[in-house]
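Position in the sequence shown counted from 1, then plus 7, gives you my numbering. Note that CB positions come from ideal geometry on N, CA and C, so glycine has one too.
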Amino acid sequence: MAIAHSPSRATDSLSTLLVAAGVVLLALLTLYLVGFDQGVISRSGMYLHELMHDGRHLLGVPCH
């Protein structure tokens with residue numbers, strides 16, 4: 008008699024929850040970088056601001 012092991016549904020739902028939380032955190036970080044960062048993260052200048060500049064205008068977020 009062979010015993011087949013199948014992963015529990017609790018493990019599947021936990022991994023799905025972790026992936027969803029990671030996606031939400033990444034989306035919030037991206038939103039912050041594109042929409043709100045005004046050189047705070049790149050302290051040596053406005054490099055990040057200039058990198059995200061066109062994305063701000065594309066989304067309609069004012070930056071000047």
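Report yes if the CB atom of residue i is closer than 8 Å to the CB atom of residue j, and no otherwise.
i, j, result
"Val30", "Met59", "no"
Could you spell out the range, first to last residue, of the alpha helix (DSSP H) harbouring residue i?
i, result
"Gly62", "His60 to Leu66"
Excluding five sequence neighbours on each side, which residues of the same chain lie with their C-beta closer than 7 Å to the C-beta of residue i?
i, result
"Gly62", "Val41"
"Leu32", "none"
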